[in-house]
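Q: Sharing a structure below in structure tokens format, with a few things to ask.
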Amino acid sequence: MISEEQFREEIAGIIANAVREDVGDGDHSSLACIPADAVGKAQLLVKDKGIVAGVEFAREVFAYVDPELEMETLIPDGSPVEFGDIVFYVSGRSQSILKAERLVLNGMQRMSAIATKTRKYVRLLEGTNTRILDTRKTTPGIRALEKWAVRIGGGQNHRFALYDMIMLKDNHIDFAGGITAAIEKTKRYLKDTGRDLKIIVEARNLDEVAEILKAGGIHRILLDNFNFQETEKAVKMIGDKSQSESSGGINENTIRRYALCGVDYISSGALTHSVYNMDFSLKAV
24 MISEEQFREE
34 IAGIIANAVR
44 EDVGDGDHSS
54 LACIPADAVG
64 KAQLLVKDKG
74 IVAGVEFARE
84 VFAYVDPELE
94 METLIPDGSP
104 VEFGDIVFYV
114 SGRSQSILKA
124 ERLVLNGMQR
134 MSAIATKTRK
144 YVRLLEGTNT
154 RILDTRKTTP
164 GIRALEKWAV
174 RIGGGQNHRF
184 ALYDMIMLKD
194 NHIDFAGGIT
204 AAIEKTKRYL
214 KDTGRDLKII
224 VEARNLDEVA
234 EILKAGGIHR
244 ILLDNFNFQE
254 TEKAVKMIGD
264 KSQSESSGGI
274 NENTIRRYAL
284 CGVDYISSGA
294 LTHSVYNMDF
304 SLKAV
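Residue numbers for the sequence shown, in my numbering: 24 to 308.
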């Protein structure tokens, strides 16, 4: 993953771009009927059930829109919430609250849905040594928000993007002329460019697992669409020579069975691409 400093820069960029997109040359609805010096207070009301995420994101949005807005948090990120709960209060200029409202709601609804699904998967893995990972199957432009939500839900982030880790998947391997060729070329590239990046290689069968192990120097082997029996055999082959990761169509009905095969990680694109937003409202009080 990228550094925390880079991550914060990503979040700042998302906020700046989202405000530009939504506000443009002004929130004319508010400008038309609310005095510039009017002050007010609003509450973030939960209309759903799940894990709340995005409270600190909301704080950053309010600070960006108007540094004088004040936020009082009642329920922090990662907490379970139910219908009727109040997560926070925000007070200050009424125009500023309204300018930030939609971005706060959109972000928190999406983040909370992801955190809720992640927490469900984490609980399914309790008692095993397997950890849940997200993927790059994220919404363009808000990847940092979605990966933040995975962490809030108790999961771990995979690589952030194409530049912070090497992942040799089926197309890389086929275009490069095979597993061994792809690995050799990658090691040479890293040496020639002076980059220190971890290497993950995807295996499609047990023969490919053996070939990856023979090449050596691999951080993690990705077992793609292996069945339970193949996964158990692969984990025994890998031992402590590399980390292991299962992926490919794994869902809440099969995730624990894969974990019991002994893999270190299970990655799931569904954490970010198959969720329904939780329902929140920001209401004046």
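No residue lacks a Cβ here, since even glycine has one placed at the ideal position from N, Cα and C. In this text the structure is predicted, and so the values were computed from the model without any measurement.
1. Taking contact to mean at least 3 C-beta pairs separated by less than 8 Å, is the region 266–274 in contact with the region 242–255?
2. In whole angstroms, what is the alpha-carbon distance linking T151 and R142?
3. I need the DSSP call for E79, collapsed to helix, strand or coil.
4. Pull up the DSSP beta-bridge partners for E225, would you.
5. Give the secondary structure of V308 by DSSP, where H, G and I count as helix, E and B as strand, and everything else as coil.
6. Counting only the same chain and skipping the five closest in sequence on each side, list residues whose C-beta sits under 7 Å from that of E79.
7. Please list, in chain order, all residues of the same chain as K318 whose beta carbon is under 7 Å from its beta carbon, the five residues on each side excluded.
8. The alpha helix (DSSP H) spanning G130 covers which residue range?
9. Is it true that the region 120–128 meets the region 160–172, where meeting means three or more beta-carbon pairs spaced less than 8 Å apart?
10. State whether the region 100–112 contacts the region 203–216, with contact taken as three or more CB pairs (one from each stretch) at a distance under 8 Å.
11. Rounded to a whole number of angstroms, what is the C-alpha to C-alpha distance between G145 and E83?
12. Are V232 and A226 touching if we call contact CB-CB under 7 Å?
13. May I have a chain-ordered list of the alpha helix (DSSP H) segments no shorter than 4 residues that lie completely inside the region 179–221?
14. Could you tell me the distance, in whole angstroms, from the CA atom of E32 to the CA atom of Q252?
15. Measure the beta-carbon distance from D89 to R116 and round it to whole angstroms, keeping in mind my assumption that it falls under 8 Å.
16. Name the two residues that bound the continuous alpha helix (DSSP H) containing G271.
17. Could you check if C284 is buried or exposed, using at least 16 other CB atoms within 10 Å of its CB as the buried criterion?
18. Rounded to whole angstroms, what's the CA-CA distance from V286 to Y299? Just pull it up for me.
19. Which value, in whole angstroms, describes the spacing of the CA atoms of G272 and G73?
20. Can you give me the Cβ contacts of T96 inside the same chain, cut-off strictly under 8 Å, excluding the 5 residues immediately before and after it?
21. Considering just the uninterrupted stretch of the alpha helix (DSSP H) at L97, what are its terminal residues?
22. For D197 and N248, I'd like the C-alpha separation in whole angstroms.
23. Looking at T318: is its Cβ nearer than 7 Å to the Cβ of I189?
24. What do you get for L92, buried or exposed, if any count of 16 or more other CB atoms within 10 angstroms of its CB means buried?
25. Strictly by DSSP, which residues pair up with Q66?
A: Checking against the coordinates, here is how it stands:
1. yes
2. 15 Å
3. helix
4. L245
5. coil
6. D100
7. Residue coverage of the chain in this structure runs from 24 to 308, which leaves residue 318 outside it and unanswerable.
8. 117–147
9. no
10. no
11. Looking at the sequence provided, one finds Val at residue 145 rather than Gly. One C-alpha to the other measures close to 27 Å.
12. yes
13. 193–199, 202–216
14. 43 Å
15. 6 Å
16. Run containing G271: none; DSSP gives neither H nor E here.
17. buried
18. 29 Å
19. 24 Å
20. V78, R82, V110, F111
21. That residue, L97, is in no alpha helix (DSSP H); it is neither H nor E in DSSP.
22. 17 Å
23. Since the first residue of the chain shown is 24 and the last is 308, residue 318 is not available in this structure.
24. buried
25. Y112, K306
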